[in-house]
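Asks: Numbering (numbering that gives the first Met the number 0), first residue to last: 0 to 85.
Virtual Cβ for every residue (Gly too), placed ideally from N, Cα, C.
Quantities reported herein were computed from a predicted structural model and do not represent experimental measurements.
One structure is given below, represented as C-alpha cells, and several questions about it will come after.
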Amino acid sequence: MSKTVITEYEAFKMYDECFDEGGLIKIGNLTFEPSQIVKQLDPVAYRVGFNDFCDSLLDSDIYVEDYTDDELDNVVEFTVYDGGKS
Numbered sequence: 000m001s002k003t004v005i006t007e008y009e010a011f012k013m014y015d016e017c018f019d020e021g022g023l024i025k026i027g028n029l030t031f032e033p034s035q036i037v038k039q040l041d042p043v044a045y046r047v048g049f050n051d052f053c054d055s056l057l058d059s060d061i062y063v064e065d066y067t068d069d070e071l072d073n074v075v076e077f078t079v080y081d082g083g084k085s
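Printed below as a string of C-alpha cells:
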C-alpha cells in the first residue's frame, strides 16, 4: 500500500471540514462555521485537536508534513495528495 503525504494547509482544511460537517451555527443574525468559533475562542484546544487529527490520519496511511515526520522516515513509497480528485 502506498503512503499519501499532505501539506499542513491540506490537513488544516480537512480538519476544519470535519468540524463544519454539522453545518453553520447561527447566533442572532450572525452565522459562523464551527471550526472558526473554536479557532478563535480556544486556539490551544483547536491546535491540540489538530495534532490528534494528524495522528489519526496515520491509520489511513496519510502523513502530514512537519507533523508526522518521524513516521515518514520509514516510508519507502508515497503519493502526493490530490485533494480527492482521483
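Measure the C-alpha to C-alpha separation of L23 and S59 and round it to an integer number of angstroms.
Replies: So the two alpha carbons sit approximately 28 Å from each other.
Asks: Round the Cβ separation of A86 and V43 to the nearest angstrom and send it over; I've been treating them as touching at under 8 Å.
Replies: Residue 86 is absent from the model: the chain starts at 0 and stops at 85.
Asks: Use the C-beta contact count for F31: other C-beta atoms within 10 angstroms, 16 or more gives buried, fewer gives exposed.
Replies: Exposed is the call here.
Asks: Would E7 pass as a contact of D65 if the rule is Cβ separation under 7 Å?
Replies: The answer is yes: Cβ separation under 7 Å.
Asks: With a threshold of 16 other CB atoms inside 10 Å of the CB of S34, please say whether the residue is buried or exposed.
Replies: Buried: at least 16 other Cβ atoms inside 10 Å.
Asks: What are the start and end residues of the beta strand (DSSP E) that includes Y8?
Replies: No beta strand (DSSP E) holds Y8; the alpha helix (DSSP H) holding it covers 7 to 19.
Asks: What is the DSSP secondary structure of Y45, reduced to helix, strand or coil?
Replies: Reduced to three states, the DSSP call for Y45 is helix.
Asks: Kindly indicate the opening and closing residues of the alpha helix (DSSP H) around L23.
Replies: Taken as a continuous stretch (DSSP letters only), L23 belongs to no alpha helix (DSSP H), as it is neither H nor E.
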